[in-house]
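Presented below is the structure to which this report refers.
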Amino acid sequence: MADLLSLLSLGYFPAKLPAPFTTANFAEVMVNNVGGIPQSFANPPKSKPLRHSFARVGINRRLSSIPNPTSQHNLCLDIASNWGMLHHVASLSSISCSKPIIKQNAHRALEPIKTFDDLPAIRLQTRATAKFILKADVAQCYPSIYTHCIPWAIHGKAFAKNKANRGYQHIGNSLDRWVSKGQDEQTNGIPIGPDTSFLISEIILSAIDDELEKNLGNIKGFRYVDEYEMGFHTRAEAESALSILRTILREYELGLNTDKTEIIELPVRIESKWVPKLRSFPFRNTPKAQATDLMTYFDLTFELAHEHPKEHILKYSIARLSPRDDAKNAVDSSNWPLLQNFLFQCLMVETGTFLPILDILIQYHKLGFNIDINSVSEVLNTQIVHQCASNYGSEAAWSVWASIFFGISIGANAARELSKMIDPIVVLLALDARQRGLVPVGLDTSLWESYMDQASLYESQWLLAYEANVKNWLPSKSNNDHVLSDPNFRFLKMNGVEFYDIIKLPSAVPAGEEVDEDIFAPLYEDVFY
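Heads up: the sequence shown begins at 33 in my numbering, then just goes up one per residue.
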């Protein structure tokens, strides 16, 4: 059962945020102080979510949203109170391989029943008795979902469209209300990031799957999140299924991504041809031979990346080189500078490689290898300038995070670019770095101070307006404490709620020193949405 504690502590903030960002404290306060929660929390003002972008392949971005804690608490409360029914509806699809389940000791509140690693075998099963495959991808699934479709999917369209059934006692209407209220009452799209959105998308897509099966009969195939793959004996059958799928999606205000939708005649490869080339590439153990192998491996990587620019080749190639805390899997110490230079080159080519590269640097640092601090300092400062200028939130945030972890000073040029950022994730890390003496010059906080008022607590800057006040990093715009002036956020502050835990980010960590693994957990999290 998904309870309120797990939805708020594990399923609120998006995956891959640096470890200091946490909702565990918030979840405990909201669950353990039910009697003290002010009545205003049950009917908060409309609010805007915080926006934070993550890298995809090349220059593509994923724009995640972090809803205001007032609306998100009410949404999670509704889901926890009606979990049995909602989980049942989200699990009705006979073809979904991403039905939401609760896994023990997981990093998230909800996860798909199948993982990416399970898909090749599932694909093979679909293709075993088919001659044609229909591959279809729902275009911009989360950003395109119409929130009024939530009650359609749960209660049926006829029931939901009857004006007599518009009350919030019906769970579909209530979920619709909290999702839209948490995004300035906009009804187009649901936030990318929270597990609540994963559940809602599965509820809607499960209803679409049900309609699809009613039209097609027993479907030979599967859906994983927003991607369909179905097998047929003839092209005509596949074309008919595509037409039916398009029609059903339109009824739910959704459409297909034409670039990723196609009918393929079998046989075709189960996995991309570049995967086994990198997966099975052998590395020898002697230092000289290993150096040759590293150069050959990266030559192959760069060649494949050039041939397949829309695939995660650089990320895959780099991730394969992580020693995962085992010195036996590490390169010879004489080849460590060579590997570092290749990693830095990958980073300069594609910023989406930053997290796997940072993972490798940290893994070798933990094993006692000396990091080239001068080069890392140059790379991080250069990346901060570039990432801030491009408004690349995730990479900028992790660059500041890495500067704190390795104890690297942020130069004046980088500090000036940081001063222009309005992404609260980046800003709070920059303020933390300044507090630790790592930003000696160049940081101008005047832009950020303009958000330190009560109104900003319900705008996209809500996290900065609250957390910088709690940490005493920035002053209120007026003489009064703007957080204490708001009943909802006063409750959080008076109960010690913090969304940024400084302890979870040690600074200037020496090579080989033991560090809590939870600090690095976000680097390893899989993102399936």
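Don't be surprised by glycine CBs; every beta carbon is placed ideally from N, CA and C. Values in this document were obtained by computation on a predicted structure and should not be read as measured data.
Query	Result
Close beta carbons around TRP430, own chain, < 7 Å, minus the five adjacent residues each side	PRO50, PHE386, LEU387, LEU390
Check whether GLU491 and LYS80 have beta carbons under 7 Å apart	yes
Alpha carbon of HIS344 to alpha carbon of GLY199, nearest angstrom	46 Å
Reduced DSSP secondary structure (H/G/I, E/B, other) of ASP169	strand
Segment contact, 8 Å Cβ cut-off, at least three pairs: the segment 423-440 with the segment 533-544	yes
SER130 vs PRO152 beta-carbon contact at 7 Å	no
Pairwise C-alpha distance: GLU303 and SER312	14 Å
C-beta atoms of LYS167 and GLU234 nearer than 7 Å	no
Three-way DSSP call (helix, strand, coil) for PHE86 in this model	strand
Host alpha helix (DSSP H) of LEU248 (start-end)	227-248
Extent of the continuous alpha helix (DSSP H) to which LEU124 belongs	Element bounds for LEU124: n/a, residue is neither H nor E.
contact_flag[the segment 448-468, the segment 74-88] where n(CB pairs < 8 Å) is 3 or more	yes
Anticipated Cβ contact below 8 Å, VAL411 with LEU379, distance rounded	7 Å
Which of helix, strand or coil DSSP assigns to PRO472	coil
At least three beta-carbon pairs within less than 8 Å, the segment 180-198 to the segment 294-302	no
MET262 in three-state terms, based on DSSP	strand
For ARG282, the first and last residue of its enclosing alpha helix (DSSP H)	267-283
8 Å Cβ shell around HIS265 - same chain, five flanking residues per side excluded	ALA162, LYS163, PHE164
CB of ASP61 within 7 Å of CB of ASN527, strictly	It should be pointed out that residue 61 corresponds to Val in this sequence rather than to Asp. Yes.
Which listed residue (HIS120, GLY384, ILE403) has its alpha carbon closest to that of SER365	ILE403
Residue range of the unbroken beta strand (DSSP E) whose run includes GLU303	Per DSSP, GLU303 belongs to no beta strand (DSSP E) and is neither H nor E.
Segment limits, beta strand (DSSP E) that includes ILE436	Per DSSP, ILE436 belongs to no beta strand (DSSP E); it is in the alpha helix (DSSP H), 425-438.
Separation of ASN367 from PRO319, as counted between CA atoms	7 Å
Span of the beta strand (DSSP E), counted from its first residue to its last, around ARG94	93-98
Beta-bridge partners of LEU288, as assigned by DSSP	VAL170
Touch test, the segment 211-219 against the segment 248-263, Cβ-Cβ under 8 Å, three pairs minimum	no
Stretch-stretch touch, CB-based, cutoff 8 Å, three pairs: the segment 202-212 with the segment 107-117	yes
7 Å Cβ cutoff met for MET484 and SER508	yes
Cross-strand partners of GLU294 (DSSP beta bridge)	LYS167
Validate contact between the segment 113-125 and the segment 90-99 using beta carbons, cut 8 Å, 3 pairs	no
Residues bridged to GLY384 (per DSSP)	Partner(s): none; GLY384 has no beta bridge.
Contacting residues, own chain, Cβ-Cβ under 7 Å from ALA323 (five flanking each side not counted)	ASN367, LEU370
Nearest-angstrom Cβ-Cβ length linking PRO175 and GLY43, presumed shorter than 8 Å	19 Å between Cβ atoms; not a contact.
DSSP-derived helix/strand/coil call for TYR498	helix
Outcome for ALA543 when other beta-carbon atoms lying within 10 angstroms are tallied against a minimum of 16	exposed
Proximity winner among GLU557, GLY400, ILE392, ALA487, relative to PRO76 (alpha-carbon distances)	ALA487
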